[in-house]
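Visitor: In this text, residue positions in the sequence shown follow the UniProt record's numbering: the first is 1, and each later residue adds one.
Just so it is clear, CB atoms sit at the ideal spot from N, CA and C, and this is done for glycine as well.
Bear in mind that the values here come from a model prediction, so they are computed numbers and not experimental data.
Sending over a structure as structure tokens; questions will come in a sec.
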Amino acid sequence: MVEDVLHKLNCKYLTVASYPVGIDSRVKDVVSLLSIYTDDVRTVGIYGMGGIGKTTIAKAVFNQLCNEFDGSCCLLNIKEISEQPNGLVQLQEQLISDLIQSKTFKINNVDRGSALIKERLCHRRVLVVLDDLDHLKQLGALMGERNWFGLGSRVIITTRDEHLLTQLHVDNKYLVEELNHDESLQLFIAHAFKENRPTEEFLGISSGVVQYVGGLPLALEVLGSYLCKRSIGEWRSARSLITTNWYNKLRMHDLLRDMGSEIIREMSPNHPGKCSRLWFQKDVLDVLRKKMGTKAVEGITLDLQASKDVVLSTESFAEMRCLRLLQKNAAHVTGCYEHFPKELAWLCWHQCPLKSLPRDFQLDNVVVLDMQYSNIREVWKGIKFLNRLKILNLSYSVHLSTTPHFMGLPCLERIILEGCTSLVEVHQSIGHLDSLTLLNLEGCKSLKNLPESICYLKCLETLNISRCINLEKLPEQLGDMEALLTMLLADGTAIERLPSSIGHLENLNNLSLGGFKYDLSSVSWFSHILPWLSPRISNPRALLPTFTGLNSLRRLDLSYCGLSDGTDLGGLSSLQELNFTRNKFNNLPNGIDRLPKLQVLCLYHCADLPSSLHSLMVYHCTSMERLSIQSKNVPDMYLVNCQQLADIQGLGSVGNKPLIYVDNCRKLANNFKKSLLQASFKGEHLDICLRDSEIPDWFRHRGDGSSISFYVPNSEIQGLIVWIGYGASERRLPLPYASATIRNN
């Protein structure tokens with residue numbers, strides 16, 4: 001009796017889950033398969049995809065049955081531990097120590113550990129959980145034969161690989177299915193709202209989230225915890241697992257990415273060379289070093305920046321005949337490229353050590369060639385015919401002196417040569433690239449001229465020559481580039497005049513001249529800009545520009561141009577963004593009110609503009625979404641009928657005591673009110689008046705009438721937020737104030 005009580009007291013129960021939704025029925029199924037009252041040694045394998053709940057179920061079964069056996073042990077994360085030095089020995093030591101309840105057990109090597117397990121446990125009826133097995137040798141070290149444990153023993157194995165269970169000859173297999181919709185919703189809500197009850201709006205979105213995520217418990221737990229106490233907008237954003245960002249690029253939610261990774265890995269966990277995609281560093285190196293690649297491999301990602309002493313052979317890739325995507329950053333690859341995979345569509349080889357691509361390197365199917373930060377001096381010799389190549393990125397290849405001959409690249413759409421500081425020539429054959437839409441030469445400091453043939457690029461939309469400090473001139477016929485949308489000349493070039501034809505760029509919508517401090521008088525549409533230039537600029541008596549012909553211009557960057565007071569900016573009917581950063585004017589130009597589509601006006605570091613503003617009144621700006629205050633002395637603000645206004649930025653460093661009055665600005669919801677108030681604690685007190693009868697829901701202590709009492713917690717208090725609702729007999733400005741007295745009893 002005493003031994004039985006002591007055994008039950010010594011049984012250490014495992015933490016299962018904060019919210020064990022759907023566990024009971026699955027535990028019941030596994031217990032049934034174990035048949036614990038028979039005298040044989042029985043094994044049950046629990047398998048399924050990562051995050052499905054295999055370990056959780058195994059631990060719950062362990063807690064339920066551990067008192068039924070002479071000893072019990074749960075070995076978690078076997079795969080991870082076994083990869084560590086002496087990892088299998090550590091697992092053997094824990095197994096014996098737990099089952100015979102000895103804390104001082106020491107094993108010298110795996111073979112000795114196996115012998116001791118059989119010797120010490122062959123007569124004990126035990127319950128063992130072996131979690132996350134992925135290789136036969138792991139079970140061989142812990143339970144080589146069934147007779148290592150006494151009659152009536154039970155072993156539970158969890159793994160992602162069903163085939164491994166077949167190899168182990170387990171008695172029964174249990175496939176963990178996904179949670180059904182009701183179970184998924186219950187688990188998600190538990191993590192997202194804790195003890196609180198969701199509103200109908202949140203409940204509806206929760207159902208949609210569950211439908212997207214499916215019944216994967218780990219994904220539901222992670223996403224639910226992530227969304228806990230977040231706004232409704234953040235919920236809607238997270239619900240979309242695949243979205244497009246501000247740069248019009250696809251963005252995949254991390255949960256979806258990880259789930260896809262696990263699906264691929266599960267296909268052949270013990271033979272990565274048979275997987276379609278390889279990205280785990282260890283798997284990739286094993287496959288390449290042992291030349292285990294097969295035609296199943298379609299994509300490889302390998303980053304050797306931290307292991308630059310690794311040298312690979314081209315022969316390692318020979319059997320990967322279907323390889324289409326290859327990323328091998330900082331990789332040293334030696335050998336002949338004759339038998340290298342010829343189906344490559346995307347080659348990313350950052351920090352490539354080669355000085356030139358070998359002649360036998362077949363790139364006929366390559367669409368993207370990305371060789372940033374490479375040692376390339378000459379991409380290839382002569383003309384190379386790559387009929388499918390669309391993107392060529394050689395950025396920051398500081399030894400590159402000339403571009404390749406472009407005649408054999410008829411489909412090329414994007415050339416990116418940013419930071420190629422030794423580049424002195426762009427080959428004149430560039431004019432034959434009828435599909436080219438982007439040419440990025442930013443930071444090519446040795447480049448002095450552009451070929452005249454660049455003007456033949458009828459599809460070019462973006463030309464970036466910023467920071468080309470030795471570029472002396474632009475081709476005279478630049479205005480013939482009828483498709484040009486964006487031209488960037490910011491941050492310094494040696495150009496002293498712009499070609500007069502530039503005014504013919506009718507489709508130009510983004511022009512950046514930041515830092516341009518040379519003679520613009522030759523340009524008709526700049527004929528008026530020069531009075532803004534500082535006195536050291538030539539021709540200071542010219543007039544402000546009329547910008548004739550630039551009706552499509554949407555973004556104009558005139559930062560760091562030394563501009564002073566001017567008169568008129570009219571004529572830019574499509575302008576949306578105007579940047580005057582670090583200029584020297586005292587007044588805004590008169591034409592500002594005739595820019596009907598202007599959305600962003602940047603006046604950063606315009607030190608000569610007066611800073612004595614005491615009041616800011618914004619009435620009926622129904623399209624304004626954001627207001628930014630870049631000053632430590634915030635003026636009193638009166639915001640009326642700005643129905644799209646959702647954010648006031650810059651209140652975090654308030655140094656004065658402004659009044660903020662908000663009337664009929666519907667998007668200032670509770671979460672905005674909270675952030676607005678919290679900002680006040682970073683400076684002195686802030687008076688806020690909202691014409692809104694609704695008290696934010698994050699106020700816990702509420703009351704009607706003229707007083708309220710509440711207990712103050714016994715902790716260090718940083719501040720007190722008081723929200724007072726009151727009525728005024730007259731709607732006038734300035735507003736009547738409400739006062740409050742705080743007493744500590």
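Applying the 10 Å Cβ sphere with the 16-neighbour rule, what's the burial state of Q305?
Guide: Stepping through the sequence shown from its first residue, residue 305 is reached at position 305. With fewer than 16 Cβ atoms within 10 Å of its Cβ, Q305 is classed as exposed.
Visitor: So, helix, strand or coil for N147, using DSSP?
Guide: Taking the sequence shown and counting its residues from 1, one reaches residue 147 at position 147. The answer is helix: DSSP assigns N147 an H, G or I state.
Visitor: Using the three-state DSSP reduction, which class does G71 fall into: helix, strand or coil?
Guide: Working through the sequence shown from its first residue, we reach residue 71 at position 71. In this structure, G71 counts as strand in the three-state DSSP scheme.
Visitor: Can you check which of these residues, R467, H432, G443, C444, is closest to E452 by C-alpha distance?
Guide: In the sequence shown, counting from the first residue as 1, residue 452 sits at position 452. Per the Cα distances, H432.
Visitor: Have a look at G50, V379, L95 and flag the residue whose alpha-carbon is nearest the alpha-carbon of E162.
Guide: Locating residue 162 in the sequence shown gives position 162, where the first residue counts as 1. E162 has its Cα closest to that of G50, out of G50, V379, L95.
Visitor: According to DSSP, simplified to helix, strand and coil, what is I36?
Guide: Here residue 36 corresponds to residue number 36 of the sequence shown, with the count starting at 1. Three-state DSSP puts I36 in coil, outside helix and strand.
Visitor: Who are the Cβ neighbours of G214 in its own chain at under 8 angstroms, not counting the five residues just before and after it?
Guide: For the purposes of this step, residue 214 is identified with residue 214 of the sequence shown, where counting begins at 1. So the qualifying residues of the chain are E178, S184.
Visitor: Cα-Cα, which of L76, Q101, G224, L595 is closest to V129?
Guide: As a position in the sequence shown, residue 129 is number 129, starting the count at 1. The residue with the shortest Cα to Cα distance from V129 is L76.
Visitor: Indicate whether W279 and T294 have their beta-carbon atoms separated by less than 8 angstroms.
Guide: Here the question's residue 279 lines up with position 279 in the sequence shown. Here the question's residue 294 lines up with position 294 in the sequence shown. Contact flag unset, no.
Visitor: For the beta strand (DSSP E) holding S628, just list the boundary residues, first then last.
Guide: Here residue 628 is taken as the residue at index 628 of the sequence shown, counted from 1. Element bounds for S628: 626-628.
Visitor: Checking the sheet assignment: what are the DSSP bridge partners for L578?
Guide: Taking the sequence shown and counting its residues from 1, one reaches residue 578 at position 578. According to DSSP, which records beta bridges pairwise, L578 is partnered with L556, L601.
Visitor: Does the region 59-67 come close enough to the region 158-172 to have 3 or more Cβ pairs within less than 8 angstroms?
Guide: With the cut-off at 8 angstroms, the region 59-67 and the region 158-172 do not touch.
Visitor: Ignore the nearest five residues each way along the sequence and tell me which others in V284's own chain have a CB closer than 7 angstroms to its CB.
Guide: The sequence position of residue 284 within the sequence shown is 284, counting from 1. Excluding positions up to five away in sequence, the list reads L278, I300, L302.
Visitor: Are the CB atoms of I469 and K445 within a distance shorter than 8 angstroms?
Guide: For the purposes of this step, residue 445 is taken as the residue at position 445 of the sequence shown. For the purposes of this step, residue 469 is taken as the residue at position 469 of the sequence shown. The answer is yes: Cβ separation under 8 angstroms.
Visitor: Can you give the Cα-Cα distance for L389 and G273, rounded to whole angstroms?
Guide: The residue given as residue 389 occupies position 389 in the sequence shown. The residue given as residue 273 occupies position 273 in the sequence shown. C-alpha separation (whole angstroms): 28 angstroms.
Visitor: Starting from the Cα of H405, find the closest Cα among L417, F385, I391 and give me that residue.
Guide: Locating residue 405 in the sequence shown gives position 405, counting from the first residue. Per the Cα distances, F385.
Visitor: Looking at H399 and N375, is the spacing between their C-beta atoms short of 8 angstroms?
Guide: Here the question's residue 375 lines up with position 375 in the sequence shown. Here the question's residue 399 lines up with position 399 in the sequence shown. Yes, the pair counts as a contact, with Cβ atoms nearer than the cut-off.
Visitor: Can you check DSSP and say which residues form a bridge with E425?
Guide: As a first step, residue 425 must be located in the sequence shown, where it is residue number 425. Looking at the DSSP assignment, E425 forms a beta bridge with T402.
Visitor: If we ignore side chains and look at the alpha-carbon of each, how far apart do D663 and C228 end up?
Guide: Here the question's residue 663 lines up with position 663 in the sequence shown. Here the question's residue 228 lines up with position 228 in the sequence shown. Going from the Cα of D663 to the Cα of C228 covers about 30 angstroms.
Visitor: For Q362, name the three-state secondary structure that DSSP assigns.
Guide: Counting from one through the sequence shown, the residue named residue 362 turns up at place 362. Coil.
Visitor: Excluding the 5 residues preceding and the 5 following W148 in the sequence, name in chain order all residues of the same chain whose CB lies nearer than 7 angstroms to its CB.
Guide: Numbered from its first residue, the sequence shown carries residue 148 at position 148. So the list reads I117, K118, L121, C122, once near-sequence residues are dropped.
Visitor: Apart from the five residues just before and just after C602, which ones in its own chain have a Cβ nearer than 8 angstroms to its Cβ?
Guide: Locating residue 602 in the sequence shown gives position 602, where the first residue counts as 1. Excluding residues within five positions, the ones whose Cβ falls inside 8 angstroms are S559, E577, L578, N579, F580, T581.
Visitor: Have a look at the DSSP bridge pairing and note the partners of K295.
Guide: Counting from 1 along the sequence shown, the entry for residue 295 is found at position 295. Per DSSP, none; premise fails for K295.
Visitor: By the 10 Å Cβ neighbour count, where 16 or more other Cβ atoms means buried, how is F340 classified, buried or exposed?
Guide: Walking along the sequence shown from the start, residue 340 turns up at place 340. Buried is the call here.
Visitor: What number of angstroms, rounded off, separates the C-alpha of M371 from the C-alpha of L436?
Guide: Taking the first residue of the sequence shown as position 1, residue 371 is located at position 371. Taking the first residue of the sequence shown as position 1, residue 436 is located at position 436. Between M371 and L436, the C-alpha separation is close to 19 angstroms.
Visitor: Assess contact between the region 203-211 and the region 22-36, defined as three or more Cβ pairs (one per stretch) separated by less than 8 angstroms. Is contact present?
Guide: Result no; under three Cβ-Cβ pairs closer than 8 angstroms.
Visitor: Roughly how many angstroms lie between the CA atoms of L14 and E234, to the nearest whole one?
Guide: The residue you call residue 14 lines up with position 14 of the sequence shown. The residue you call residue 234 lines up with position 234 of the sequence shown. In a straight line, the C-alpha of L14 is about 35 angstroms away from that of E234.
Visitor: Give me, in chain order, the residues of the same chain whose beta-carbon lies closer than 6 angstroms to that of R555; leave out the 5 immediate sequence neighbours on both sides.
Guide: Numbered from 1 along the sequence shown, position 555 holds the residue referred to as residue 555. The residues are N510, E577.
Visitor: In terms of residues, what are the limits of the alpha helix (DSSP H) holding S512?
Guide: Here the question's residue 512 lines up with position 512 in the sequence shown. Unbroken run through S512 is the beta strand (DSSP E), 510-512; no alpha helix (DSSP H).
Visitor: Assign G113 to buried or exposed, taking buried as 16 or more other Cβ atoms, counted over all protein chains shown, within 10 Å of its Cβ.
Guide: Numbered from its first residue, the sequence shown carries residue 113 at position 113. The residue is buried, with at least 16 neighbouring Cβ atoms inside 10 Å.
Visitor: If you check the beta carbons only, do V176 and K54 fall under 8 angstroms apart?
Guide: Working through the sequence shown from its first residue, we reach residue 176 at position 176. Working through the sequence shown from its first residue, we reach residue 54 at position 54. Contact: yes.
Visitor: For M320, which residues in the same chain have their Cβ closer than 6 angstroms to its Cβ, ignoring the five residues on either side in sequence?
Guide: For the purposes of this step, residue 320 is taken as residue 320 along the sequence shown, with counting starting at 1. So the list reads G293, V297, P341, once near-sequence residues are dropped.
Visitor: In the region 297-329, which residue ranges form an unbroken beta strand (DSSP E) of at least 3 residues, counting only runs that do not cross its ends?
Guide: Listed in chain order, the complete beta strand (DSSP E) runs (minimum 3 residues) inside the region 297-329 are 299-303, 311-313, 325-329.
Visitor: In terms of residues, what are the limits of the beta strand (DSSP E) holding T334?
Guide: For this step, residue 334 is matched to residue 334 along the sequence shown. From DSSP, the beta strand (DSSP E) with T334 extends over 332-334.
Visitor: Buried or exposed, going by whether 16 or more other CB atoms sit within 10 Å of the CB of P85?
Guide: Taking the sequence shown and counting its residues from 1, one reaches residue 85 at position 85. That one is exposed.
Visitor: Alpha carbon to alpha carbon, how far is H350 from I454?
Guide: Indexing the sequence shown from 1 puts residue 350 at position 350. Indexing the sequence shown from 1 puts residue 454 at position 454. The alpha-carbon atoms of H350 and I454 are separated by roughly 28 angstroms.
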